[in-house]
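Protein chains: 4
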Amino acid sequence: LAEKAHAIKAVLVCHNETATGVTSDVRAVRQILDDLGHPALLFVDGVSSIGSLDFRMEEWGVDVAVSGSQKGFMMPTGLCIVGVSLKALEACSTSRFPTGYFSFQDMMKMNDQGYFPYTPAATLLRGLRASIDMLHSEGLANVVSRHNRLASGVRAAVDAWGLKNCALAQKWHSDTVTAIVVPENFDANDVISAAYQNYGMSLGGGLGKVAGKVFRIGHLGWLNETMVLRALGGVEMAMRDACIPFQAGSGVGAAVEYYTDTRQPLSLAAE
Amino acid sequence: LAEKAHAIKAVLVCHNETATGVTSDVRAVRQILDDLGHPALLFVDGVSSIGSLDFRMEEWGVDVAVSGSQKGFMMPTGLCIVGVSLKALEACSTSRFPTGYFSFQDMMKMNDQGYFPYTPAATLLRGLRASIDMLHSEGLANVVSRHNRLASGVRAAVDAWGLKNCALAQKWHSDTVTAIVVPENFDANDVISAAYQNYGMSLGGGLGKVAGKVFRIGHLGWLNETMVLRALGGVEMAMRDACIPFQAGSGVGAAVEYYTDTRQPLSLAAE
Amino acid sequence: LAEKAHAIKAVLVCHNETATGVTSDVRAVRQILDDLGHPALLFVDGVSSIGSLDFRMEEWGVDVAVSGSQKGFMMPTGLCIVGVSLKALEACSTSRFPTGYFSFQDMMKMNDQGYFPYTPAATLLRGLRASIDMLHSEGLANVVSRHNRLASGVRAAVDAWGLKNCALAQKWHSDTVTAIVVPENFDANDVISAAYQNYGMSLGGGLGKVAGKVFRIGHLGWLNETMVLRALGGVEMAMRDACIPFQAGSGVGAAVEYYTDTRQPLSLAAE
Amino acid sequence: LAEKAHAIKAVLVCHNETATGVTSDVRAVRQILDDLGHPALLFVDGVSSIGSLDFRMEEWGVDVAVSGSQKGFMMPTGLCIVGVSLKALEACSTSRFPTGYFSFQDMMKMNDQGYFPYTPAATLLRGLRASIDMLHSEGLANVVSRHNRLASGVRAAVDAWGLKNCALAQKWHSDTVTAIVVPENFDANDVISAAYQNYGMSLGGGLGKVAGKVFRIGHLGWLNETMVLRALGGVEMAMRDACIPFQAGSGVGAAVEYYTDTRQPLSLAAE
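Protein chains in written order, with this note's numbering: chain A, 4 to 274; chain Z, 4 to 274; chain X, 4 to 274; chain L, 4 to 274.
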């Protein structure tokens, strides 16, 4: 990386890549930039990570982070949620890129007076208030470990089915979505189609290079063990309809074992 | 049955006994009364059957049938739904039993004018309108066969777990609720408690003679295959927590096999 | 009242008579019974009063009070709310009146264990929890004085229209409903019909002796000044459609004057 | 207007100016452009007009029209609704203005396949489906004439109060919002504040040159006569609290007279 001229103004990292179920190491990217003494801003796409995975804007030196209402915030689609550093605000103020849609300056000026620079999506903002209260009520650390626990059950099921996670190394395995590779000569879209047509369940598909090769199970937000088991059971039915060979019940059984083996005894303080 | 004096005025049959998961043969009871030439009225408790199981008020000669809003009608609790025959209405008109709560006469008189004899539960009545539309949209015969299909998957799971249905003979097996007998020396309440405390899932308990010996899975109303698999997965986790021996995944796997093996190909006319 | 034999077991007072807008003096009835040394129980129909008007079960010596969810409790219809004294419970335990619908004994026994003797209307009970929280949050004394203030505006409008309140003496004027007498040779049902057909507004009608002579405006529950003005404005339109002579705007204007003349300055402590 | 060089690429007309209650003549602007042979595109801000006032995109030669979900479409805020002409699409395709937020090309390409180029606000889109069904069910011509009828009642009230509409000429009077000028030496913000603080009612304020001089009543969307009377009654209370001199009830009375005098007899075909 001989980017000595510092022509690159910003590096964008996708914290959690939805189509392949890969979680990236944002902190490490920051470290590289720092090691190189590179002034580029660090932008993070946190749509499918913020509110579910560990994310530390200040500690990791993130300059702009973007998320949406419809993933970890457990709401309908409609809101874009943006975090911005002072450094990015400064860069913004000297930008000569013409833009009409959004201005941090307008937003901050009006927000300071309790207003919005335009008509706000009030119903969604109230929903966001409720969702943030829910996250804080559970505790962010607990939210993150719940997502890890639920995802680990899904990964145990994938192993039991004899299938592969699209993300090769364990350290990249996403705790919010798992992309599962179907065996050679099978079409992942047959699984997705059977799930939707026969059982009313929506699975994600692969995009680009992995189209037809993977199907995805999302597991984030307002979610508990039995909801995951429902999804795994639905996947088992869809895989059977798509003639993919595996032992029926093996995946759900592996998740059942994982969840019961790792359950924490309720503390005395728990309700 | 030498009830020759005909002192018995009415015979009440519970069409579907919730606590044990037993469905009775209402038509056969009518047949016995007819064979004996007995004039008793036939009353049916159809709370957990009407709207889910085959029920034929006129064909079976039922005089009074009672149901509720919260089972097959898929609504919140709050409404009692009553069907009545002309014969029962006549008996009612000569009854000298003092009663203040409900009068078929008042109800019919006011209903004829588009009114109620007292303030009606309007929100629930509108819900009932919607739920009846849903039942007719699916078709009552389809609703009944869907309940049989879903219940058969639950029974396949019970067999795979190596457990027994509380209803001994297959012909009594209820398609709306299954009571499952835990092995000797285990307490069914441990399963129920683990399901609720550890996984937020409500199972039913046994009453009277079967208290502590059975737990119940309800499977009626707005329900499909993946919802059943969720319940079965939750039961598997709760049984493991209660140390009941069985192969994790075996029950869900049996249901998955049943549902996929018996799935009807979508007809050309289906959406 | 030479009821010396004490054959009368209970006296039922309708606290607030909806059809005529008359509020009765429950405390005075208690006083008469006490003065006579009469052991009769005091029953109160508080359907359109409890939660809106001043009602003091213990202080007034009421033995049974009945209300519903759909008036002062601001909920859908569906719940009957009953208060009962120890004296009434004792009378109940010696009653030989056959009854199948409701038993205080069953209810108390199961409630003590956190249960209901039958399937409870859970959604409505949760609504009741919320409505009671709302009443306590406003403060019962404030709720009662708000109803008096809003009703006084309605009565100012009736005066301004040159019409009469069905309840003759001021002391009987109900703070939850006002029945208004139309002039001779006019049919109150024309007003009711015009309000409903032309402006989508439901007014109450007179019953029995006052049928066709009065129409009613309900003013209780979740209600503020502008909601009352909306109703008064709708009544003005409907009275004009029914050709009842009055000065358009006079009633609303009188209420506007009453509400602004009597408004309390916001205290420093108010939000 | 000697814009002979045709440097102006587009003319933006605000169809209905919310802050002053002025409706512009979009068709006339088109006519001027056509008379001049000017190729500029015609853009229309229809936020507070489309779905309430007469608007004819093709007939008036509008190239881009913008609206929102929260006015005539009777929904929460959150959706921007855009109509575009082929001429504008062509201009778009040759534009070199850098833009990242929205692309007609991406939208059309994906919409053709039944998809969105990004995650759509599905709940709001379903609401839009319902709101458009409501508009068509009433009939657009009826919707427009209902808004004119309701606004005429508001204007009758303003006259009766002895106040002035901010829009001087009658032909500019908006049927969706009325800005009312308070007398000299009064502050319109006192009316707005009293309405909100004392009666929980939100009025609009003046902006820029008319700040403190006008308050606004919005009257569009899901609205009928009694709702307008509620707003007028609330304004009367707030104006009294702000010590503005007028006859209480005069405005509501004028609207009551207008609505009853101009009511169409229900046709035989009406429900």
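Glycine residues also receive a C-beta, built at the ideal position from the N, C-alpha and C atoms.
(message) For the pair the segment 256-264 of chain X and the segment 220-236 of chain X, tell me if three or more CB-CB distances fall below 8 Å.
(response) Verdict: yes, contact present.
(request) Please state whether DSSP places His176(A) in a helix, a strand or coil. (result) Residue state, collapsed to three classes: strand.
(request) Would you please verify whether the beta carbon of Gly165(Z) is less than 9 Å from any beta carbon of chain A? (result) With its beta carbon at least 9 Å from every one in chain A, Gly165(Z) lies outside the interface.
(message) Taking the beta carbon of Ser253(A) as the centre, do at least 16 other beta carbons fall within 10 Å, making it buried, or is it exposed?
(response) Ser253(A) is buried by the Cβ-count criterion.
(request) Confirm, please, whether the CB-CB distance from Asp178(Z) to Thr3(Z) is below 9 Å. (result) Because residue 3(Z) is not part of the residues shown, which for chain Z are 4 to 274, the question remains open.
(request) Would you please verify whether the beta carbon of Ala191(A) is less than 9 Å from any beta carbon of chain Z? (result) Not an interface residue.
(request) Let me know the secondary structure DSSP gives Ile11(X) once reduced to three states. (result) Here Ile11(X) sits in coil by DSSP.
(message) Taking the straight line between their C-alpha atoms, what separation do you get for Ser98(X) and Leu44(X)?
(response) Straight-line Cα distance between these residues: approximately 13 Å.
(request) Tell me, please, which residues DSSP counts as bridged to Val194(Z). (result) DSSP, once it has assigned bridges, lists no residue as partnering Val194(Z).
(request) Return the first residue and the last residue of the alpha helix (DSSP H) that Leu89(A) is part of. (result) Counting along the chain, the alpha helix (DSSP H) containing Leu89(A) begins and ends at 89-97.
(message) Count Cβ pairs between the segment 220-232 of chain X and the segment 140-155 of chain X that sit closer than 8 Å; are there 3 or more?
(response) The segment 220-232 of chain X vs the segment 140-155 of chain X: in contact.
(request) Assign His176(A) to one of two classes, buried (16 or more other C-beta atoms within 10 Å of its C-beta) or exposed (fewer than that). (result) Burial of His176(A) is indicated by the presence of at least 16 other C-beta atoms within 10 angstroms of its C-beta.
(request) Report whether the distance from the Cβ of Glu93(L) to the nearest heavy atom of the ligand MN is below 8 Å. (result) As far as ligands go, the structure on display features none, and thus does not contain the ligand MN.
(request) Determine contact between the segment 62-73 of chain A and the segment 83-92 of chain A, defined as no fewer than three beta-carbon pairs at a distance below 8 Å. (result) Three or more pairs of CB atoms, one per stretch, sit closer than 8 Å, so the segment 62-73 of chain A contacts the segment 83-92 of chain A.
(request) Take Ala172(L) as the anchor and find which of Glu141(L), Gly54(L), Ala182(L) has the nearest alpha-carbon. (result) For Ala172(L), the nearest C-alpha among the options comes from Ala182(L).
(message) Please report the distance separating the alpha-carbon of Val14(X) from that of Asn114(X).
(response) Distance between the alpha carbons of Val14(X) and Asn114(X) is about 28 Å.
(request) Give, in chain order, every unbroken run of the alpha helix (DSSP H) that is at least 4 residues long and sits entirely within the segment 201-237 of chain Z. (result) For the alpha helix (DSSP H) assignment, the segment 201-237 of chain Z encloses no uninterrupted run of at least 4 residues.
(message) My assumption, with CB atoms under 8 Å, is that Val184(Z) sits in contact with Cys169(Z). Please give the rounded CB distance.
(response) About 5 Å separates the beta carbon of Val184(Z) from that of Cys169(Z), a gap short enough to meet the 8 Å contact definition.
(request) Determine the extent of the alpha helix (DSSP H) in which Ser253(L) is found, giving its start and end residues. (result) Here the alpha helix (DSSP H) through Ser253(L) covers 253-264.
(request) Using a Cβ-Cβ cut-off of less than 7 Å, list which residues of the segment 127-161 of chain A approach chain L; keep chain order. (result) For the segment 127-161 of chain A, the beta-carbon criterion of a distance under 7 Å to any beta-carbon of chain L is satisfied by Leu127.
(message) Give the list of continuous alpha helix (DSSP H) stretches no shorter than 4 residues that lie fully inside the segment 15-85 of chain Z.
(response) Within the segment 15-85 of chain Z, complete alpha helix (DSSP H) segments of at least 4 residues are found at 29-39, given in chain order.
(request) For Gln73(L), decide whether its Cβ has a neighbour in chain A, counting only Cβ atoms nearer than 9 Å. (result) Yes, its Cβ sits closer than 9 Å to a Cβ of chain A.
(request) Figure out for me which residue from Glu239(L), Ala245(L), Thr263(L), Phe249(L) has the closest Cα to the Cα of Ala241(X). (result) Comparing Cα-Cα distances from Ala241(X) to each of Glu239(L), Ala245(L), Thr263(L), Phe249(L), the minimum goes to Thr263(L).
(request) Verify whether the separation of the beta carbon atoms of Asp109(L) and Pro120(L) is less than 9 Å. (result) Yes, the pair counts as a contact, with Cβ atoms nearer than the cut-off.
(message) Assuming contact is defined by CB atoms lying nearer than 9 Å, are Gly130(Z) and Ser51(Z) in contact in what I supplied?
(response) No; because the gap between Cβ atoms is not below 9 Å, this pair is not in contact.
(message) Closer than 8 Å between beta carbons: that is the criterion. Which residues of the segment 13-37 of chain L meet it against chain X?
(response) Listed by position along the chain: nothing, the set is empty.
(request) Just grab the DSSP bridge partners of Ile183(L) for me. (result) DSSP lists Asn168(L), Phe218(L) as partners of Ile183(L).
(message) Can you list, in chain order, the residues of its chain with a C-beta nearer than 7 Å to that of Phe107(L)? Leave out the 5 residues immediately preceding and following it.
(response) Val87, Leu92, Cys95.
(request) Work out the CA separation of Ser55(A) and Val231(A) for me, nearest whole Å. (result) Each residue's Cα considered, the two are about 15 Å apart.
(request) Taking only the alpha-carbon atoms, compute the straight-line gap between Ala214(L) and Asp190(L) and give it to the nearest angstrom. (result) Their Cα atoms are separated by approximately 9 Å.
(message) Taking the straight line between their C-alpha atoms, what separation do you get for Trp164(X) and Asp244(X)?
(response) Looking at the two C-alpha atoms, the distance is approximately 15 Å.
(request) Taking Glu141(L) as part of the alpha helix (DSSP H), name the residues at either end of that continuous run. (result) 125-141 is the span of the alpha helix (DSSP H), which, as asked, contains Glu141(L).
(message) If we define contact as Cβ-Cβ less than 9 Å, is Gly86(X) a contact residue for chain L?
(response) No, Gly86(X) does not count as interfacial toward chain L.
(message) Looking only at its chain, what residues have a beta carbon closer than 8 Å to the beta carbon of Met78(A), apart from the 5 residues adjacent to it on each side?
(response) So the list reads Ser72, Leu127, Gly130, Leu131, Ser134, once near-sequence residues are dropped.
(request) Verify the CB distance criterion: does Ala124(Z) have a CB-CB separation below 9 Å to chain X? (result) At least one CB of chain X lies nearer than 9 Å to the CB of Ala124(Z).
(request) Confirm, please, whether the CB-CB distance from Val47(A) to Cys17(A) is below 9 Å. (result) With a cutoff of 9 Å on beta-carbon distance, Cys17(A) and Val47(A) are scored as near each other.
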